[in-house]
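Residue numbering for the sequence shown follows numbering that gives the first Met the number 0, starting at 0 and increasing by one per position. Cβ coordinates follow ideal geometry from the N, Cα and C atoms, glycine included.
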Amino acid sequence: MNRKGFFFIIVAFVLLSYILTSTYFWVRAIEMEESRYSEAFRTSSMEMALSQVNEESVGEYVDISARYAFYRLNHHSIENPVSVPGGVDIANEDSLDGSELENVRLAMRELVLSGTAPEDYFEGEPLEYSENEKLVYSLDGWKNQLNASLAAAGFELVELSIDEGSFEFNQVNFTQFELVFEMNMTIVDSQAGSSTSLHRTYDVNRTVDATGMVDPYIARESKNLDLEWEGESVLVGKPVFIAPYWEDGYEALCSGGENGPCYYEDDGSEGQGWFYGPVVMAEDASTVPENATDNYILAGNYSAIKSTPDWDKFGAYILTSPPTEENSDCPGENDQDDTFSPVYYDGDCDAELDTGSNDYIQKPFMVYEGFDIGDYGGVDLQSGDENAHKLLFVAGANPWEVETDPELKFEGVSVYNIENLRDFVMCGYYMPRNNSPSFLHRMFDLQGMFNDELPAYDGWPESPWGIETTAAGRWAGGNLVADSWDAYSRVDVEFFSEVENTPQNPVQMIKGMPGNKNIYMCNMEFGYDPNLEHVGHFRLSDWAQEDREEYDDIYWIETDDSPDVPENDNTGCDNDEQANCELD
């Protein structure tokens with residue numbers, strides 16, 4: 000072989016090898032650069048995807064998830080009360096440290112995370128969302144939704160978890176709860192051979208507001224009343240609304256606290272009976288619908304009232320003019336004229352009423368010379384008048400007592416403004432009370448924690464978020480329950496404990512609360528109007544009346560006993576533990 004040819008071949012081979020080697024390294028360099036670029040691009044894409052899952056968006060989702068979890072837990076506890084952890088004896092504690100709520104916290108954690116709370120947390124069945132609820136309201140469901148979106152870009156969410164040690168669910172207000180936890184999230188690139196991944200940690204701190212949610216205690220216990228309406232059972236869904244003036248305490252209800260006892264406004268000089276309702280001046284009497292006059296107090300001087308058409312159809316009267324007085328044959332005594340139920344003195348100087356006179360009435364009335372209708376406000380629910388003028392007046396004796404002893408008419412008459420109190424009861428507001436169950440405690444089976452012989456929940460440990468309300472309405476009276484329920488205290492924890500009048504724990508009837516406008520409504524008999532019957536009756540135990548720091552008489556009005564006839568104390572609680580609205 001020609002040596003030159005051989006040398007050429009060797010040189011060509013070396014050059015080709017060099018070129019191929021150079022090309023290989025060049026290609027590899029390009030591939031490595033492309034790989035690095037691809038990794039950077041994938042990482043950038045992943046970060047862009049994760050940028051949509053930030054503290055704000057996580058917080059917004061947790062808001063939805065946590066509120067729904069609390070709603071479901073609260074509703075579930077009506078028939079499946081939350082169980083108290085072992086070793087915790089609420090009934091024998093002086094105060095509560097929050098350990099009794101551990102199962103509430105654990106149930107909330109599991110519901111937020113997975114939509115399932117096991118039966119260990121309840122006295123009854125476990126709580127589990129439907130598959131659709133889990134997808135929409137749990138973090139596991141959110142993880143599935145995120146994965147569906149990330150899969151299109153070749154990514155996978157491999158971790159979305161709650162650090163169990165960081166989870167807290169604490170009450171920070173009467174209807175507000177703070178939810179705190181640390182959430183971990185990890186996303187990986189699902190492309191073959193990729194090692195790209197990102198990890199994020201989110202510190203979640205949200206507030207769950209339970210305002211307007213049903214009181215589980217009242218709903219649970221109402222089932223035991225066997226309430227029925229048109230053949231179907233009734234479960235009372237009383238929403239929890241804290242009174243807007245709760246920070247001022249119960250004294251905020253008192254309109255006349257500066258002038259005297261709670262709700263007291265003024266005095267009249269004489270009168271009889273008691274009545275609560277809107278007032279209309281005689282010159283405006285024509286504005287009252289004909290079918291509503293018996294609910295109104297007609298006010299004006301004697302001649303103005305007597306000249307009002309159908310004046311005698313009104314429910315009660317305020318005379319703004321004093322009686323005309325004429326000398327009688329009895330020293331120091333004057334006969335009355337130009338007033339209602341005028342008193343005169345007979346030959347034996349005994350006080351008498353002319354029961355045959357057109358001025359003799361058996362309805363409530365008072366003489367109130369300083370009356371100014373503008374001093375009283377309120378809303379008339381029957382007419383819808385938001386600028387009504389309403390008051391409660393209470394005389395020292397009822398009409399039949401005045402007929403027996405006419406001089407009882409001269410007993411003083413007290414005037415009260417109870418609009419704030421009426422609104423409190425009729426709106427179903429809740430107010431703070433340390434020795435009443437909190438919202439979360441109402442998820443427990445409260446009735447099973449105490450000996451039935453206890454007169455009330457006076458053994459409930461102190462809690463900073465305790466609340467109470469009143470049992471008022473057709474579900475607590477009227478034709479939905481037996482009339483025997485009318486005998487129970489109307490503070491919620493006592494009503495369902497069937498705390499009734501006993502020598503050991505008097506439960507006394509109180510007039511005018513919340514719907515008894517007059518003596519006749521107070522004494523409705525079954526069959527007269529079953530929808531209203533007993534709705535307005537209101538009783539309280541001594542415990543409920545007297546266990547308040549500022550105002551013991553917040554739910555009731557008490558006047559001094561008559562010095563001459565003690566049993567004629569005509570409001571609040573009588574000495575014989577009978578309300579004067581009871582005819583017997």
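- Secondary structure of R489 (DSSP, three-state): coil.
- Taking a 10 Å sphere around the C-beta of H388, we find 16 or more other C-beta atoms and assign the residue as buried.
- Within the segment 362-443, the runs of beta strand (DSSP E) that reach at least 3 residues and sit entirely inside it are, in chain order, 364-366, 389-393 and 412-415.
- Per DSSP, reduced to three states, the secondary structure at A150 is helical.
- Each residue's CA atom was taken as its position, placing S320 and Y359 some 17 Å apart.
- Under DSSP, W273 shares a beta bridge with V393.
- Under DSSP, F168 takes part in a beta bridge, and its partners are L178.
- Here N79 has F121, E122, G123 and E124 as same chain residues with Cβ atoms under 7 Å from its own Cβ, once five neighbours each way along the sequence are excluded.
- Ranked by Cα distance from A281, the first of E264, Q271, N386 and K305 is K305.
- Residues E177 of the same chain have their beta carbon placed closer than 6 Å to that of N169, with the five preceding and five following residues left out of the count.
- Ranked by how close their Cα comes to the Cα of E109, the residues F166, D266, V235 and A218 have F166 in first place.
- V171 is the residue among K237, V171 and W228 whose C-alpha sits nearest the C-alpha of T206.
- Taking 3 residues as the minimum length, the beta strand (DSSP E) runs contained wholly in the segment 297-368 are 315-318, 323-326, 333-336, 342-344, 350-352 and 364-366, in order along the chain.
- Looking at the DSSP output, M107 bridges to nothing.
- In the three-state reduction of the DSSP assignment, W245 falls in the helix class.
- Residue nearest to D311 within the set T292, N300, L318 and V393 is T292 (criterion: CA-CA distance).
- Residue pairing of D202 in beta bridges, as defined by DSSP: E181.
- Between the segment 459-473 and the segment 94-112, the count of C-beta pairs closer than 8 Å reaches three or more; the two stretches touch.
- Excluding residues up to 5 positions away in sequence, A106 lie with their Cβ nearer than 6 Å to the Cβ of L72 in the same chain.
- Collapsing the DSSP output to three states places L197 in a strand.
- In the structure shown, P502 falls within a coil segment according to DSSP collapsed to helix, strand and coil.
- When beta bridges are read from the DSSP output, F121 appears opposite V81.
- DSSP, reduced to helix, strand and coil, places M448 within a helical segment of the structure shown.
- The C-alpha of Q361 lies about 7 Å from the C-alpha of W399.
- Taking C-beta atoms under 8 Å as the contact rule, T185 and S196 qualify, at a distance of about 6 Å.
- By the CB criterion at 8 Å, D214 and V239 fall inside the cutoff.
- Boundaries of the beta strand (DSSP E) harbouring E264: Y263 to G267, taken from the DSSP string.
- Judged by DSSP secondary structure, S221 falls within the alpha helix (DSSP H) whose first and last residues are P215 to S221.
- A Cβ-Cβ separation of about 57 Å leaves N419 out of contact with L149 under the 8 Å criterion.
- For the options A116, V393, P288 and A486, the alpha carbon positioned closest to that of E264 is the one of V393.
- A direct Cα-Cα distance of roughly 20 Å separates V498 from H440.
- Put simply, the segment 134-144 touches the segment 51-71. At least three CB pairs are less than 8 Å apart.
- Where V135 is concerned, the enclosing alpha helix (DSSP H) starts and stops at E130 to Y136.
- For V239, the three-state secondary structure derived from DSSP is coil.
- Note on geometry: alpha-carbon atoms of E118 and E231 lie some 29 Å from one another.
- The beta carbon of Y429 is closer than 6 Å to those of V239, I241, I466 and T468 in its chain, skipping five residues each way along the sequence.
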